[in-house]
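*Asks:*
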Amino acid sequence: MAECMHNCSSCSGCSNCSNCLTLTEAELSMLQQLGEIPFLPVARRADSMNPIYLEDQKHSVEEYSAILQVLEQKGLITLDYDLPIKGFHDQRYHDFPVVGSFALSARGQQVLELLDVQGIQ
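Residues 347 to 467 in this note's numbering are what the sequence shown spells out, letter by letter.
1) Please name the residue, chosen from L374, S375 and M395, that lies closest to V445 on a Cα-to-Cα basis.
2) Between L429 and E418, how many whole angstroms is the CB-CB distance? I'm expecting something under 8 Å.
3) For R391, which residues from the same chain have a beta carbon less than 8 Å from its beta carbon, with the 5 sequence-adjacent residues on both sides left out?
4) Which residue wins for smallest C-alpha separation from A468, given the options E408, P387, R453 and A389?
5) Buried or exposed: where does V457 fall if 16 or more other Cβ atoms within 10 Å of its Cβ makes it buried?
6) Need the endpoints of the beta strand (DSSP E) that D426 sits in, please.
7) Cβ atoms of M376 and I431: under 9 Å apart, would you say?
8) Relative to the C-alpha of S451, which candidate in G433, I423, F434 and D436 has its C-alpha closest?
9) In this structure, what does DSSP give as the bridge partners for F442?
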């Protein structure tokens, strides 16, 4: 997406101004996936706050962890370890003591809508 023209000095995607947001291809792909599937599973270890996402293998577990953390910092998704997906029982997540879900935030939904209107891929 476009670089910030407002000189807020924080244009690594931090959203210090309303017109400034930078997304990597991986971040954009995750947002688009959430546009199709509203809730996705996330887990974490008891001794770590790093999110674990195992639904896709395009990236490593560590890369997905970083992607989710950055999207949350940008205010585009919410990670909720208190709200697991109802009826979700996947053996891949069985070894993790904390299993929840993540979804688009209101800002994330707005970004997806703008991308759709502007035709950015």
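Note that CB positions come from ideal geometry on N, CA and C, so glycine has one too. In this text, all values refer to a predicted model and were calculated from it rather than measured experimentally.
*Replies:* Well, looking at it:
1) Nearest Cα to V445 within the set L374, S375 and M395: M395.
2) Taking the Cβ atoms as the reference, L429 lies roughly 15 Å from E418, outside the contact range of under 8 Å.
3) So the qualifying residues of the chain are I398, F442, P443 and V444.
4) The shown model of the chain, from 347 to 467, leaves out residue 468, and the question about it has no answer.
5) By the beta-carbon neighbour count (other beta carbons within 10 angstroms, threshold 16), V457 is buried.
6) Run containing D426: I423 to D426, per the beta strand (DSSP E) assignment.
7) Cβ distance not < 9 Å, so I431 and M376 don't count as in contact.
8) Nearest C-alpha to S451: I423.
9) When DSSP reads this structure, F442 sits in no beta bridge, so it has no partner.
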